[in-house]
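I have placed the structure first, in the form of structure tokens, so that the comments after it can refer back to it.
Residue numbers (this note's numbering): 221 to 1102.
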């Protein structure tokens, strides 16, 4: 018994001694907004001793006195380590893994921490563009990034916006940036063959976008080489986020109205003023040349507001539902959306149905696989009338017709038939009518312009990490677009009048596949961090289209291509393809996260270019310095002024072949007649030396933060020298060649400054408020054209030549004939000719007088476009937003 007692006493002593060697650490685990986080694993580093936090985030853990570090881990948050020291209470705030994503910027073939970026990249959050009344995400980018200009070309729904990053970069080729969606370059532009616009980028539901990163300088874009001159826009769609499955619904309703319509004369004012004008011109005749009011079927004077017949209030409804989630091995995101929008012009409608699936899976610690499937159906209906897109202004254009159509005539006669006089609007009770204007109502009610697009985008990838620091990845992506177009012009008015009706049906198919292979090696040695990326890429794009046209309708009840037409089918076929092969690399180095250097190199080969110049090399170098991390910065107490301060600069050479035809470097031939016999005719001359337009870009910028970065700003200076502009140079008649030859000749530049400022005045668990402001100035100048080419003149359907490009001036300068107004004594318009002399003009000259004369009455040459002078720069000097 004494032995048993001695054993128990010894055991108690041992236990007591062990407890005396332990101590209890307690605290609370919170998120970045101060809320308690449950289920966080709290362990002693290097041991199995641990516990988990309770429902309110609190924990208590007995640890040995030898314990040095506590480790806090959770699937939803970044791991944190805290030194124990001598304290008995340790609380920690964990940062969400999703929050970490906001600190990462998408770059070519990878991501980079925002604070380590040495190029010029603007970021737009997906939340900033969600639930907006737009058809495609890029319509929402206006004013959200410094130096980025978004122009909506017209009011037609789903029309592709014009995007310019730091100005216009080409005369003949496209200035549209490269759009990369989840790593795959996308089709852009309008794929419709009718007035119903079809924008491929509208296939993406803006609510499915996580972020948009806009790369502007050579450092950020050179990794894309020959396609990087106009900038690169990286679009990242949403993926599953850590935590339990989440079901989300988003719905919106909105409306739109046409703005700033001018107030027009009513029928009473109109007839009064028109008759006064006839009296003043000595041509009024009540019986043969006068304007009258006409009564409707109820005996009331017709007083038509043409706005009501063409415009309407646009309505949009949008619905999106998503299911997402993630665990340690798999992330998933599924969504479906439906958007319906009616435009401000009648019969203009847009409907989109879309689905998206993103999935990423870690098979084990070495292998990861994943992919994306996206499908969308877009139905676009447009008001079909000549110039309904706004490009014509003489006899049609639905947006303009309500402004110039007489209010004292109605769209329909009193018997319900359309008010027509031939193909134009009828004069009703007037003795004189308008010239050259259509009745918009039958065009809206009878014509048809439809475009239906089915688009499939997808990719699949495999990623391997065979050894520490090495990542191998291969990704294969596709973008398939199938577009069905259908248009009909009625036989009683408008474009179908001369042919007694016209119907066209076309189908097009655009396909692209991209296969990218990369290897990236990351290594850290003490304070030195290295990253090397190498890769190659294959891209094949091809398109085919065919269509039929028939005219002369036998029965107006038939409005489709199948039957009821007198003429046989007129068929057409288009086909084209191009191939791009690339090899690229990127090297990144930083020392102590204070000094950063990046170099990009890419070599591209493009099938569209001449046989002697298919390959080109492009590159970019950049450097950055985190000044605020220097010891002297703190000693000088500069951190009291700027909590962060960073310098960066870059220089590089990139290219542009955007918009270049598939066979642009080749000569083409067609059929013709010679002496009544069939022969082959030289149609266009090729150029075996045709190559890329090139841009050499310089960028210098500074970033800063104030009040612990609650206020951040950026100031950037840039210059872009563009050489080898593709121009179509007139060929001498003696050469026996077609009228123009494609050549790389000519140059211009863009230079400017960008400023942006953002702040977060309030951010807590219940409320967050952020503001942003940006403004950019850009100067464009053409410095040279091809030898013998003094200017390039644009035209509008042969009616006018409003803009001219000349060396020493910005591209597309607006040239206008100057006027001094109206001579009060005579009522004549006073023009100023090229010699600076005043020229008086009268529309109807009495017998013995000149229409164009000098102030003394002597004959003056007719004022024409040759007298025009540069008046207005069509390129905006300033763009910005708040």
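Heads up, the beta-carbon is just placed ideally off N, CA and C, and yes, glycines get one too.
Item to check | Per-residue burial, residue 488 [other beta carbons within 10 Å of its own, 16 or more giving buried] | outcome: Looking up residue 488 in the chain shown gives position 268. Per the 10 Å Cβ criterion, exposed.
Item to check | Alpha-carbon to alpha-carbon, residue 432 and residue 479 | outcome: In the chain shown, the residue the question calls residue 479 occupies position 259. In the chain shown, the residue the question calls residue 432 occupies position 212. Rounded to whole angstroms, residue 479 to residue 432 spans 30 angstroms at the Cα level.
Checklist entry - Helix, strand or coil: which one does DSSP assign to residue 1062? => result Stepping through the chain shown from its first residue, residue 1062 is reached at position 842. In the structure shown, residue 1062 sits in coil (DSSP, three-state: anything other than H, G, I, E or B).
Checklist entry - Span of the alpha helix (DSSP H) holding residue 489? => result Taking the chain shown and counting its residues from 1, one reaches residue 489 at position 269. Note, residue 489: alpha helix (DSSP H), 487-500.
Item to check | First through last residue of the alpha helix (DSSP H) which encompasses residue 775 | outcome: Your numbering for residue 775 matches position 555 in the chain shown. From DSSP, residue 775 is part of no alpha helix (DSSP H); its letter is neither H nor E.
Next on the checklist: In this structure, how does DSSP classify residue 1096 when only helix, strand and coil are distinguished?
Outcome noted: The residue labelled residue 1096 in the question sits at position 876 within the chain shown. DSSP places residue 1096 in coil when its eight states are reduced to three.
Item to check | Candidates 811, 870, 923: closest to residue 975 by CA position | outcome: For the purposes of this step, residue 975 is taken as residue 755 along the chain shown, with counting starting at 1. Closest option to residue 975, Cα to Cα, is 923.
Next on the checklist: Given this structure, state the Cα-to-Cα distance separating residue 542 from residue 635, to the nearest angstrom.
Outcome noted: In the chain shown, residue 542 corresponds to position 322, counting from 1. In the chain shown, residue 635 corresponds to position 415, counting from 1. Roughly 54 angstroms separates the two Cα atoms.
Item to check | Coarse secondary structure for residue 530, derived from DSSP in three states | outcome: Counting from one through the chain shown, the residue named residue 530 turns up at place 310. Note: residue 530 maps to helix in three-state DSSP.
Checklist entry - Starting from residue 851 and walking both ways along the alpha helix (DSSP H), at which residues does that stretch end? => result Position 631 of the chain shown, counted from the start, is the residue given in the question as residue 851. Run containing residue 851: 851-855, per the alpha helix (DSSP H) assignment.
Item to check | Option in 519, 499, 685, 630 with minimal Cα separation from residue 586 | outcome: Taking the first residue of the chain shown as position 1, residue 586 is located at position 366. Taking only the C-alpha atoms, the option nearest residue 586 is 685.
Checklist entry - For the stretch 897-911 against the stretch 877-889, are there 3 or more C-beta pairs whose distance is under 8 angstroms? => result yes
Item to check | Inter-residue CB distance, residue 539 and residue 557 (contact presumed, cutoff 8 angstroms) | outcome: For the purposes of this step, residue 539 is identified with residue 319 of the chain shown, where counting begins at 1. For the purposes of this step, residue 557 is identified with residue 337 of the chain shown, where counting begins at 1. Going by Cβ atoms, the distance from residue 539 to residue 557 rounds to 7 angstroms, so yes, they are a contact pair.
Checklist entry - Which residues in the same chain have their Cβ closer than 6 angstroms to the Cβ of residue 165, if we skip the five residues on either side of it in sequence? => result Here the chain covers residues 221 to 1102 and nothing more, so residue 165 does not appear.
Checklist entry - Is residue 335 helix, strand or coil by DSSP? => result Taking the chain shown and counting its residues from 1, one reaches residue 335 at position 115. Here residue 335 sits in helix by DSSP.
Item to check | For residue 660, the three-state DSSP class (helix, strand or coil) | outcome: Residue numbering aside, residue 660 sits at position 440 when the chain shown is read from its first letter. In this structure, residue 660 counts as helix in the three-state DSSP scheme.
Next on the checklist: Please classify residue 794 as buried or exposed, where buried requires at least 16 other C-beta atoms within 10 Å of its C-beta.
Outcome noted: The residue you call residue 794 lines up with position 574 of the chain shown. Residue 794 should be labelled exposed.
Checklist entry - Where residue 320 and residue 314 are concerned, what is the direct C-alpha to C-alpha distance, given to the nearest angstrom? => result One-based indexing of the chain shown puts residue 320 at position 100. One-based indexing of the chain shown puts residue 314 at position 94. Low confidence applies here, because residue 320 scores a pLDDT of 49, under 50, leaving its location unreliable and the question unanswered by this model.
Checklist entry - Any chance the stretch 845-856 sits against the stretch 817-827, with 3 or more Cβ pairs inside 8 angstroms? => result no
Item to check | Beta carbon of residue 329 nearer than 8 angstroms to that of residue 399 | outcome: Position 109 of the chain shown, counting from 1, holds the residue named residue 329. Position 179 of the chain shown, counting from 1, holds the residue named residue 399. Not a contact, by the Cβ cut-off of 8 angstroms.
Item to check | Whole-angstrom distance between residue 661 and residue 982, CA atom to CA atom | outcome: Sequence index remark: in the chain shown, residue 982 carries index 762 (1-based). Sequence index remark: in the chain shown, residue 661 carries index 441 (1-based). Taking the straight line from one Cα to the other gives about 54 angstroms.
Checklist entry - Opposite residue 733 in the DSSP bridges: which residues? => result By one-based count along the chain shown, residue 733 stands at place 513. In DSSP, residue 733 forms a bridge with 698, 760.
Next on the checklist: Count Cβ pairs between the stretch 618-631 and the stretch 518-527 that sit closer than 8 angstroms; are there 3 or more?
Outcome noted: yes
Checklist entry - What residue range is occupied by the uninterrupted alpha helix (DSSP H) comprising residue 441? => result As a first step, residue 441 must be located in the chain shown, where it is residue number 221. Note, residue 441: alpha helix (DSSP H), 438-441.
Checklist entry - So the alpha helix (DSSP H) residue 347 belongs to, where does it begin and stop? => result Indexing the chain shown from 1 puts residue 347 at position 127. Start and end: 346-349.
Checklist entry - When you compare only the Cα positions, how much space is there between residue 361 and residue 477? => result For the purposes of this step, residue 361 is taken as residue 141 along the chain shown, with counting starting at 1. For the purposes of this step, residue 477 is taken as residue 257 along the chain shown, with counting starting at 1. Those two C-alpha atoms are separated by around 21 angstroms.
Item to check | Neighbourhood of residue 582 by C-beta, 7 angstroms cutoff - its chain only, sequence neighbours within 5 removed | outcome: For the purposes of this step, residue 582 is identified with residue 362 of the chain shown, where counting begins at 1. Correct list, in chain order: 549, 588.
Checklist entry - How many whole angstroms separate the CB atoms of residue 965 and residue 947, which I take to be in contact at a CB cut-off of 8 angstroms? => result Position 745 of the chain shown holds residue 965. Position 727 of the chain shown holds residue 947. The pair is a contact, with the Cβ atoms about 6 angstroms apart (cut-off 8 angstroms).
Next on the checklist: For residue 901, tell me which candidate among 354, 645, 891 has the shortest Cα-Cα distance.
Outcome noted: Here the question's residue 901 lines up with position 681 in the chain shown. Cα-wise, what sits closest to residue 901 is 891.
Checklist entry - Nearest to residue 1122 by alpha carbon, out of 497, 437, 977, 626? => result Since the displayed the chain opens at 221 and closes at 1102, residue 1122 lies outside it and no answer follows.
Checklist entry - Since residue 949 contacts residue 915 with CB under 8 angstroms, what's their CB separation in whole angstroms? => result As a first step, residue 949 must be located in the chain shown, where it is residue number 729. As a first step, residue 915 must be located in the chain shown, where it is residue number 695. With a Cβ gap of about 21 angstroms, residue 949 and residue 915 do not count as contacting.
Item to check | Distance CB(residue 347)-CB(residue 994) smaller than 8 angstroms | outcome: The count along the chain shown starts at 1 and reaches residue 347 at position 127. The count along the chain shown starts at 1 and reaches residue 994 at position 774. In this structure, residue 994 does not lie closer than 8 angstroms to residue 347 by Cβ.
Item to check | Alpha carbon of residue 1089 to alpha carbon of residue 1040, nearest angstrom | outcome: Indexing the chain shown from 1 puts residue 1089 at position 869. Indexing the chain shown from 1 puts residue 1040 at position 820. One C-alpha to the other measures close to 14 angstroms.
Next on the checklist: Restricting to Cα atoms, I'd like to know which of 445, 534, 721, 960 is closest to residue 804.
Outcome noted: Counted from its first residue, the chain shown places residue 804 at position 584. Per the Cα distances, 445.
Next on the checklist: Which same chain residues end up closer than 6 angstroms to residue 454 when comparing Cβ atoms and leaving out the 5 residues on each side of it in sequence?
Outcome noted: The sequence position of residue 454 within the chain shown is 234, counting from 1. Same-chain partners within the cutoff: 326, 400, 433.
Next on the checklist: So if DSSP puts residue 281 in a beta bridge, which residue, or which two residues, is it bridged to?
Outcome noted: Indexing the chain shown from 1 puts residue 281 at position 61. DSSP, once it has assigned bridges, lists 245 as partnering residue 281.
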